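*Asks:* Residue numbers (this note's numbering): 461 to 1219. Ideal Cβ positions, reconstructed from N, Cα and C, are used throughout, including at glycine. Computed from a prediction, not measured in an experiment: that's the story for all the values here.
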Amino acid sequence: MTSSTSLENRPARTQLHVQASGGTLNVLDAAGQPLLTACRAVVTQSDGTRHSTEGAASQTETMPDGIVIRSPGSELLPALRWHVDGVDGDNTLRLWLEVENTTPRPIAIERLDALVAPTGYRQALAGELEVAQTGWQSWSAATPPVPLEVEAHTPPPPVIFPMLPPTEADRTLVPWMTVLHTPGGHSLLLGFTSARDQGGVIAIQPALAGHRCTASSYAEGIALHSGETLRSETLLLVFDRDDPSALDEYARELATTMEARPWPHVTTGWCSWYYFFTAVSEEDVLRNLETLSAERHRMPLEYVQLDDGYQAHIGDWLTLNEKFPSGMRFLTDAIRAQGYRPGLWLAPFLVSEHSEVYRQHPDWVIRDAHDQPINALHNWDSYNYALDTTHPEVQQWLRRVFRTIVDDWGYDYLKIDFIYAGALRGRRYDTNCTGVQAYRRGLELIREEAGDKFVLGCGAPFAPSVGLVDGMRIGPDTAPFWSDERGQHGSGPSLHNAVRSTLAHGWMQNRLWMNDPDCLMVRERDSQLTFAETQCWTTVVGLSGGMVLVSDDMSRLEPERAALIPLVLPPLGEAAVPLGPHIDAAPTRMKLDVERPWERWLVGALFNWTDGEKSLTFDPAAWGRPLGEPYHLFEFWTGRHYGPVTGRLEIGTVPAHGVRLLAVHEDKGRPQLVGSTLHLLGGAVEVAGETWDGNTLTVALSCPGEHVGELIAYAPAGYDFMGAGGDEVEQADGVLKVPVRLVDNATITLQFAQGGARA
Ligand code: 9PG
């Protein structure tokens, strides 16, 4: 039987045509070009038995918004129902698979493949396909679509990918979501838009024709009793939609189904980790608190967050070590007394083999098939096991930990780290639940105890965390050095790895949670980073739109380095969009379109990811700007103005791993603002208005904290600058540099007289 859903009644953008026959599906574009061919859905049982929708017995039913393919069950085989939904005129499809146990015995379900496309998207050869990596959790390497790497092995668990069996030599696994690019310039996003029960993984592997693409929802062997039904998570397909709109669509649907919690403002603060590491002491925190407080006018930060290093052992969170002699209440009182809100790190689902908790309760941890505790990671000179969040005693213990931290100690910000441990596959008290279900039970309980406190997920699997955390670390640890020498496949601590993942996860910002790109470090001492690399990270953090946590010893920070911090405060809250070309899987550009009632302009970053000096060019065409129209370009880090110019512009050389940060304004043919050094985003944060009345250029500024810098204005020939109300304005070739000390609000007026011609 053949049936097809055509799309007559859909809006004009509709291009999909779905044909079903014999339990398989073809998806064609409007011109009849095949996009996906002979697709099926498959259930795999834990004993290896597989059932596919493909077969003569399958029936297709047409529904108002899609189709259902039914493959009947029997005493021996379960029944399948494959839903293909939302053929809604926007080049999107939603797929999910249900399995019903029609047999008299329980069956163990390993996974539900919501899509098996044996020749892949447009039959592109695996060798020609580009594949994006989202990362399983915070620290996993994430990249834009890059050529498929045929890995000889899977990086070792648990940090990178603990959920799955080892990758076969020729299979690439992408957790949660991927974007495929074909050589012909076409794209397909495949992503699971729900993750309450099962982990979603997309596997890509070479095939004789094209590539095989399988989207699986992992049930991890849970038992399905006779008469019961199990449903996969929902897979979204977005065909041929340009970045970033496909990612926007995915983020929107994931946020909706998972009930994301939008946090009302961007979180800022100080964190102890990236200077003190585990050596942090009470005295270090108090000393930093003092400096922060003295500098508050320049660095208005909200939280002071103590990281790893206070606890007796990993797992024994309520027992402090000797470096915190006065206790936690003393510390949080001191933090509050200075007007900051206290934050605390803990790894709630981890217990060290040396912890008191594990010694007393060895039955509280997740175990493998041989009843051995699963090592969630080796760190801190110890094996660390994963608490079983389905165990009632563990739940009670976790409640006690969080109640103490929140109610007795008074913490307002909880950085819950290494929480992937709660999602590991293994044997639990509840023998019939997946890692994702156990993980969410653990997070739900923390959420309940934390109430409206800020909860930052770290080392956290992405999709199942949506709706339960307020902030999310979106990359590996930053570090006071550039590159990852430890070869952890882009997942180890290094500035380069942090940069790459931050750029790859911009689409999450403010949709799923508040992104945490990881801490800003600006120090010169105790760091191998060059100044260019420090400027680069400051730029990436600023353009990420996400959280700004600084992590230096503030009491020893060089003044010229400390001056970098106010440049990213307050954060904008909106993420710039990454743009290619890519070098080493990192986009070389970031773009922020600033739209204000008085003007639209561009803030763009151009990165040099090479290991040597490089000369850079600004090409308006590549940034979506009209060709041939005169514009002004102001470069933030060098303070150089160019313009008015048209066409391509050489902007000089940049050191290795350095950046040029551009404000690009169209030329208005009269005096105008062309840049600002008060804030890194060149006016997007601090400029509240700009007016021109024929003689006077008025710029309204509004921004919390003290910002010292310059406004850059340009006056074409024929306008004589008459003054700016007392300030010493530097003037050359029509460019005016107006020194400004902005505290909260200011209005700058620049007077001009018409008539004179510049010599
Ligand atoms: C505290 C740190 C900081 C940091 C977190 C996290 O694989 N590992 O061994 C590994 C160790 C530390 C780590 C990540 C991975 O860093 O991201 O901000 O809180 O823990 O120990």
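Measure the beta-carbon distance from R1060 to D1079 and round it to whole angstroms, keeping in mind my assumption that it falls under 8 Å.
*Replies:* Translated into the one-based positions of the sequence shown, residue 1060 becomes position 600. Translated into the one-based positions of the sequence shown, residue 1079 becomes position 619. Actually they are not in contact, since the Cβ atoms of R1060 and D1079 sit about 19 Å apart, beyond 8 Å.
*Asks:* Can the beta-carbon of A923 be found less than 9 Å from the beta-carbon of W636?
*Replies:* In the sequence shown, the residue the question calls residue 923 occupies position 463. In the sequence shown, the residue the question calls residue 636 occupies position 176. Contact: yes.
*Asks:* Which value, in whole angstroms, describes the spacing of the CA atoms of I1172 and D573?
*Replies:* Here the question's residue 1172 lines up with position 712 in the sequence shown. Here the question's residue 573 lines up with position 113 in the sequence shown. Rounded to whole angstroms, I1172 to D573 spans 57 Å at the Cα level.
*Asks:* In whole angstroms, what is the alpha-carbon distance linking V559 and L806?
*Replies:* Against the sequence shown, residue 559 aligns to sequence position 99. Against the sequence shown, residue 806 aligns to sequence position 346. Using only the alpha carbons, I get a separation of about 39 Å.
*Asks:* How is the beta strand (DSSP E) around E1220 delimited, first residue to last?
*Replies:* Absent from the structure is residue 1220, since the part of the chain shown begins at 461 and ends at 1219.
*Asks:* Roughly how many angstroms lie between the CA atoms of E816 and P822, to the nearest whole one?
*Replies:* Reading the sequence shown from its first residue, position 356 is the one you call residue 816. Reading the sequence shown from its first residue, position 362 is the one you call residue 822. Their backbone Cα atoms lie some 10 Å apart in a straight line.
*Asks:* Can you tell me which of Y678, L1121, E1018, P1026 puts its alpha carbon nearest to the alpha carbon of Q505?
*Replies:* Walking along the sequence shown from the start, residue 505 turns up at place 45. The residue with the shortest Cα to Cα distance from Q505 is Y678.
*Asks:* Can you have a look at T1151 and say buried or exposed, based on whether 16 or more other CB atoms are within 10 angstroms of its CB?
*Replies:* By one-based count along the sequence shown, residue 1151 stands at place 691. Burial call: exposed.
*Asks:* Three or more beta-carbon pairs under 8 Å between the stretch 1047-1057 and the stretch 978-992, yes or no?
*Replies:* No: the two stretches stay apart, fewer than three of their Cβ pairs being nearer than 8 Å.
*Asks:* Leaving aside the five residues before and after Y735 along the sequence, list all residues of the same chain whose C-beta is less than 8 Å from its C-beta, in chain order.
*Replies:* As a working note, residue 735 is residue 275 in the sequence shown. M981, R983, D986, S1011, D1012, D1013.
*Asks:* Rank G508, T552, L537 by C-alpha distance to the C-alpha of D525 and give the top, closest one.
*Replies:* Position 65 of the sequence shown, counting from 1, holds the residue named residue 525. Residue T552 is the option with its Cα nearest to D525.
*Asks:* For R1056, count neighbouring C-beta atoms within 10 Å of its own C-beta (all shown protein chains included) and say buried if the count is 16 or more, exposed if not.
*Replies:* On the sequence shown, position 596 is the one that residue 1056 refers to. It counts as exposed.
*Asks:* Under a three-way DSSP split, which group does G775 fall into?
*Replies:* By 1-based counting over the sequence shown, the position of residue 775 is 315. G775: coil per DSSP, three-state reduction.
*Asks:* With 16 other CB atoms within 10 Å as the buried threshold, where does D657 fall?
*Replies:* The residue labelled residue 657 in the question sits at position 197 within the sequence shown. Its Cβ being crowded by 16 or more others within 10 Å, D657 is buried.
*Asks:* Return yes when at least one heavy atom of the ligand 9PG lies under 8 Å from the C-beta of K783, else no.
*Replies:* The count along the sequence shown starts at 1 and reaches residue 783 at position 323. K783 Cβ: outside cutoff for every heavy atom of the ligand 9PG.
*Asks:* For M981, which of helix, strand or coil comes out of DSSP?
*Replies:* Walking along the sequence shown from the start, residue 981 turns up at place 521. DSSP places M981 in coil when its eight states are reduced to three.
*Asks:* Any idea which residues DSSP pairs P815 with across the strands?
*Replies:* The count along the sequence shown starts at 1 and reaches residue 815 at position 355. For the record, residue 815 in the displayed sequence is Ser; it is not Pro. Partner(s): none; S815 has no beta bridge.
*Asks:* Is the separation between the beta-carbon of L874 and that of N844 shorter than 9 Å?
*Replies:* Looking up residue 874 in the sequence shown gives position 414. Looking up residue 844 in the sequence shown gives position 384. No; because the gap between Cβ atoms is not below 9 Å, this pair is not in contact.
*Asks:* What does DSSP give as the partner residue(s) for R541 in the beta ladder?
*Replies:* Counting from 1 along the sequence shown, the entry for residue 541 is found at position 81. For R541, which the question treats as bridged, DSSP gives the partners R530, E558.
*Asks:* Just to confirm the assignment, what range does the alpha helix (DSSP H) spanning A836 have?
*Replies:* One-based indexing of the sequence shown puts residue 836 at position 376. Run containing A836: none in the alpha helix (DSSP H); it sits in the beta strand (DSSP E), 835-839.
*Asks:* For H511, which beta-bridge partners are listed by DSSP?
*Replies:* Looking up residue 511 in the sequence shown gives position 51. Note: H511 sits in a beta bridge opposite V503.
*Asks:* By how many angstroms is the C-alpha of A794 removed from the C-alpha of N781?
*Replies:* Translated into the one-based positions of the sequence shown, residue 781 becomes position 321. Translated into the one-based positions of the sequence shown, residue 794 becomes position 334. N781 and A794: Cα-Cα distance of roughly 19 Å.
*Asks:* Span of the beta strand (DSSP E) holding W1069?
*Replies:* Here the question's residue 1069 lines up with position 609 in the sequence shown. Counting along the chain, W1069 falls outside any beta strand (DSSP E), and DSSP gives it neither H nor E.
*Asks:* Quick one: Cα of L928 to Cα of P722, how far?
*Replies:* For this step, residue 928 is matched to residue 468 along the sequence shown. For this step, residue 722 is matched to residue 262 along the sequence shown. Roughly 11 Å separates the two Cα atoms.
*Asks:* Relative to the alpha-carbon of N748, which residue among S1015, S961, R907 has its alpha-carbon at the smallest distance?
*Replies:* As a working mapping, residue 748 is identified with position 288 in the sequence shown. It is S1015 whose Cα lies nearest to the Cα of N748.
*Asks:* Return yes when the C-beta of N839 is under 8 Å from any heavy atom of the ligand 9PG, and no when it is not.
*Replies:* Along the sequence shown, one-based indexing puts residue 839 at 379. Indeed, a heavy atom of the ligand 9PG lies less than 8 Å from the Cβ.
*Asks:* Is there contact between the stretch 737-748 and the stretch 530-538, where contact requires at least three CB pairs shorter than 8 Å?
*Replies:* No, the stretch 737-748 does not touch the stretch 530-538.
*Asks:* Since G651 is in the beta strand (DSSP E), which residue starts that stretch and which ends it?
*Replies:* Mapped onto the sequence shown, residue 651 falls at position 191. Start and end: 647-652.
*Asks:* By the three-class DSSP mapping on this structure, what secondary structure does P626 have?
*Replies:* Locating residue 626 in the sequence shown gives position 166, counting from the first residue. Its pLDDT being 43, under 50, P626 is placed unreliably in this model, and the value from its coordinates should be taken loosely. In this structure, P626 counts as coil in the three-state DSSP scheme.
*Asks:* Taking only heavy atoms of the ligand 9PG into account, decide whether any of them is closer than 8 Å to the Cβ of D776.
*Replies:* Within the sequence shown, numbered from 1, the residue matching residue 776 stands at position 316. False, no ligand heavy atom lies under 8 Å from that Cβ.
*Asks:* Buried or exposed for P852, please, with buried defined as at least 16 other CB atoms from any protein chain shown within 10 angstroms of its CB.
*Replies:* Here residue 852 corresponds to residue number 392 of the sequence shown, with the count starting at 1. Per the 10 Å Cβ criterion, exposed.
*Asks:* Based on the DSSP secondary-structure assignment, which residues constitute the bridge partners of F699?
*Replies:* Position 239 of the sequence shown, counted from the start, is the residue given in the question as residue 699. Paired residue(s): L648.
*Asks:* Check this for me: beta carbons of G1064 and L1122, under 9 Å apart or not?
*Replies:* In the sequence shown, the residue the question calls residue 1064 occupies position 604. In the sequence shown, the residue the question calls residue 1122 occupies position 662. The answer is yes: Cβ separation under 9 Å.
*Asks:* I need the DSSP call for E1170, collapsed to helix, strand or coil.
*Replies:* Here residue 1170 corresponds to residue number 710 of the sequence shown, with the count starting at 1. Strand.
*Asks:* In this structure, does DSSP put T938 in helix, strand or coil?
*Replies:* Here residue 938 is taken as the residue at index 478 of the sequence shown, counted from 1. Of the three classes helix, strand and coil, the one that applies to T938 here is coil, per DSSP.
*Asks:* Below 8 Å, how does it come out for the stretch 958-973 and the stretch 1086-1099: are there three or more Cβ pairs, yes or no?
*Replies:* Output reads no: the stretch 1086-1099 does not touch the stretch 958-973.
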